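**Student:** Heads up: the sequence shown begins at 175 in the working numbering, then just goes up one per residue. Handing you this structure, nothing more for now.
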Amino acid sequence: MTETLESVLRLQDKVKKSDVFSVLVINGKTIKIPKDLILCGKLGDLAHIGNKFQILNLLNPIKVVRLIKVCSDSIKIDFFDGKGFYSFPKDTQVFYEQWSLDRGSYLIWVDFANTWGKLATENDPITILN
């Protein structure tokens, strides 16, 4: 069975995050434009549709870009960075980052790396594995 994050997560509150920017370089000058993020749920919301998922690349649907497992106390995500699964609390917030010329992104804050991590791109197919 195939779903998308849009079928599980619902856009809720617009939140200004000062650490998320569009970056433009024009004539050698870097311009940072702050972006709004929209809170759309928590990682634990994925448990409503299953316990194990793979997120596929929309342009190359045989390529798996994320593997997600819902565990009793956490959500484990393999970002395919060669380091295996990372563990996240179920209450980790998921934000939608709008793009005006492309599909948006679903982001989570990654505490141990002190940065944003991309969960998926809008409309990426999610295959439920259980």
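From the three backbone atoms N, C-alpha and C, an ideal C-beta is built for every residue, glycine too. Note that the coordinates shown come from a computational prediction; the quantities given were computed from them, not determined experimentally.
I'd like to check one pair, Leu220 with Ile249: are the Cβ atoms closer than 8 angstroms?
**Tutor:** Within the sequence shown, the letter at position 75 stands for residue 249. Within the sequence shown, the letter at position 46 stands for residue 220. Contact flag set, yes.
**Student:** Starting from Pro263 and walking both ways along the beta strand (DSSP E), at which residues does that stretch end?
**Tutor:** Taking the first residue of the sequence shown as 1, we reach residue 263 at position 89. Neither: Pro263 is in no beta strand (DSSP E) and is coded neither H nor E.
**Student:** Tell me whether the beta-carbon of Val268 lies closer than 8 angstroms to the beta-carbon of Gly215.
**Tutor:** On the sequence shown, residue 268 is found 94 positions in, with the first residue counted as 1. On the sequence shown, residue 215 is found 41 positions in, with the first residue counted as 1. It is a contact, given that the beta carbons lie within the stated cut-off.
**Student:** On the three-state DSSP scale, how would you describe Thr271?
**Tutor:** Within the sequence shown, the letter at position 97 stands for residue 271. The sequence as given places Glu at residue 271; Thr does not occur at that position. Of the three classes helix, strand and coil, the one that applies to Glu271 here is strand, per DSSP.
**Student:** Specify, as a first and last residue, the run of the beta strand (DSSP E) that Ser279 falls within.
**Tutor:** The residue you call residue 279 lines up with position 105 of the sequence shown. Ser279 to Val284 is the extent of the beta strand (DSSP E) around Ser279.
**Student:** Tell me, please, which residues DSSP counts as bridged to Thr204.
**Tutor:** Numbered from 1 along the sequence shown, position 30 holds the residue referred to as residue 204. DSSP, once it has assigned bridges, lists Val199 as partnering Thr204.
**Student:** Measure the alpha-carbon distance for Asn225 versus Arg240 and round it to whole angstroms.
**Tutor:** For this step, residue 225 is matched to residue 51 along the sequence shown. For this step, residue 240 is matched to residue 66 along the sequence shown. Looking at the two C-alpha atoms, the distance is approximately 14 angstroms.
**Student:** Exposed or buried, what is Ser246 when buried is set at 16 or more other beta-carbons lying within 10 Å of its beta-carbon?
**Tutor:** As a position in the sequence shown, residue 246 is number 72, starting the count at 1. When all chains shown are included, Ser246 counts as exposed.
**Student:** Quickly, what does DSSP pair Leu220 with across the bridge? List them, please.
**Tutor:** Translated into positions along the sequence shown, residue 220 becomes position 46. DSSP lists no partner for Leu220.
**Student:** Can you check which of these residues, Ile229, Val199, Ile205 and Asp265, is closest to Ala294 by C-alpha distance?
**Tutor:** Position 120 of the sequence shown, counted from the first residue, corresponds to residue 294. For the residues Ile229, Val199, Ile205 and Asp265, the minimum Cα distance to Ala294 belongs to Ile229.
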